[in-house]
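J.: Supplied in structure tokens, the structure appears directly below.
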Amino acid sequence: MDSRKKNVLAKHFWSTALCCILLLATEGLFAQRSFYTPKSLIMPLHDRQNQLHVSVGRAGGYDLHLSYAFTNKFAVFGTATLDHGIKKRRGMLNNRSNIDRNDYVLRGGLGYFRKKEGRMFSILEVYAGAGVTEIDNYWYSLSSKLSNEEVTKAKYWSYFGQINIGDKLERVEYGFGLRLVYSNYSYFRFYNRHRSNDLEQSQYIGLRGLTVEPGMNITFNLPKRLQVTCQYGLALPFGIRNVNQKNTTAYFDGSSVTVQEQVERTNVPLTALMGRLGLQYNLNLGGEQKTAH
């Protein structure tokens, strides 16, 4: 390995380790209820035909990545993420809460790849695809005597393009990716319940937006073609678009129900952190093949 690649790899390793620690710390410290939930970038770094990439990991739920190079230039991919169960959160003022999640994400698409030996980043990948995300969260406080509860239900479709550059060395693989995503929400509703039996319901109408999502990935080779991979990144909104928020409040006084509705303009920035730790396996189904040029 030449000195230039060693320096890049060393910087990338330490930045990856630091960002993974920060992501884990952020998840445990803050009671963040984020409803734009981008998942990790697909980054198999294909370099030959008949290469099957299989990866399972943890990234805002448990996920599965599959990618297959069916020619010496093109690949297909599919991913699935399931986030199910109770997550414990602690806020900055030591307030504790639980979030019961039942979310899923499905994505798929087509990719193009090529490999040019002798370059700093010898592998180039370009992907395009679509996916659907459904969110069903139930949040409740463990610290408040009022036992406030919040329910969120949302669903959105995403259409994206992504470009990756990377390289494969003897012990490690590393890559950088950039994804541009257009998200269009079919619905986005949330409810607040209080001890007084009042019901507050809100929904965003016409929520959609573009996000730019850069990510970095490093993979360590283990025996028998197994690999451990770590990825981090973030989603940044490409402009912020105001949407209508419709608020409905129902008051129960024991004998009748009074309903009030109000519509206001608000903005919902589609921002989020991304991180993934996974175990993956690469299999050459057609035996040794010539690499892409």
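Counting from 59, one number per residue, gives the positions in the sequence shown under this note's numbering. Note that the Cβ used here is the ideal one computed from N, Cα and C, for glycine as well.
(1) Can you look up residue 154 in the DSSP assignment and give me helix, strand or coil?
(2) Pick out the complete beta strand (DSSP E) segments inside the region 145-231, 3 residues or longer, and give them in chain order.
(3) Would you say residue 3 and residue 167 are within 8 Å of each other, going by their C-beta atoms?
(4) Figure out for me which residue from 133, 97, 236, 122 has the closest Cα to the Cα of residue 107.
(5) Compute the Euclidean distance between the alpha carbons of residue 113 and residue 200, then round it to the nearest angstrom.
(6) Residue 169 to residue 180, Cα distance in whole Å?
(7) Using the DSSP secondary-structure output, state which residues sit across from residue 316 in a beta bridge.
(8) Going by DSSP, what residues sit across from residue 332 in a beta bridge?
(9) Taking just the CA atoms, how far does residue 122 sit from residue 248?
(10) Can you tell me the Cβ-Cβ gap for residue 101 and residue 224, rounded? I've got them flagged as a contact below 8 Å.
(11) Got a sec? Which residues, its chain only, sit under 6 Å from residue 184 by beta carbon, not counting five neighbours each side?
(12) If you compare alpha carbons, which of 189, 172, 159, 259 is closest to residue 400?
(13) Quick one: what's got a C-beta closer than 6 Å to residue 116's C-beta in the same chain, skipping five residues either side?
(14) Please name the residue or residues paired with residue 123 in a DSSP beta bridge.
(15) Nearest to residue 176 by CA position, among 227, 215, 260, is which residue?
(16) Give me, in chain order, the residues of the same chain whose beta-carbon lies closer than 8 Å to that of residue 278; leave out the 5 immediate sequence neighbours on both sides.
(17) My understanding is that residue 273 touches residue 103, with C-beta atoms under 8 Å, so please give their C-beta distance in whole angstroms.
(18) Anyone know if the C-beta pair for residue 157 and residue 95 falls short of 8 Å?
(19) Does DSSP put residue 86 in a helix, in a strand, or in coil?
(20) Alpha carbons only, please: which of 267, 313, 188, 301 is nearest the one belonging to residue 293?
(21) Would you mind reading off the limits of the beta strand (DSSP E) that contains residue 108?
(22) Just to confirm the assignment, what range does the beta strand (DSSP E) spanning residue 266 have?
T.: From the atom records:
(1) strand
(2) 154-173, 181-199, 207-226
(3) In the structure as shown, the chain begins at 59 and stops at 351. Residue 3 is therefore absent and cannot be evaluated.
(4) 133
(5) 36 Å
(6) 17 Å
(7) 309
(8) 291
(9) 29 Å
(10) 7 Å
(11) 170, 221
(12) An answer regarding residue 400 cannot be provided, because it is not within the stretch 59 to 351 covered by the chain.
(13) 335
(14) 113, 137
(15) 227
(16) 229, 230, 285, 286, 287
(17) Not confirmed; about 13 Å, so no contact.
(18) no
(19) At residue 86 the pLDDT is 39, less than 50, meaning the model places this residue with poor confidence; the figure from the coordinates comes in the next sentence. Here residue 86 sits in helix by DSSP.
(20) 267
(21) Taken as a continuous stretch (DSSP letters only), residue 108 belongs to no beta strand (DSSP E), as it is neither H nor E.
(22) 266-279
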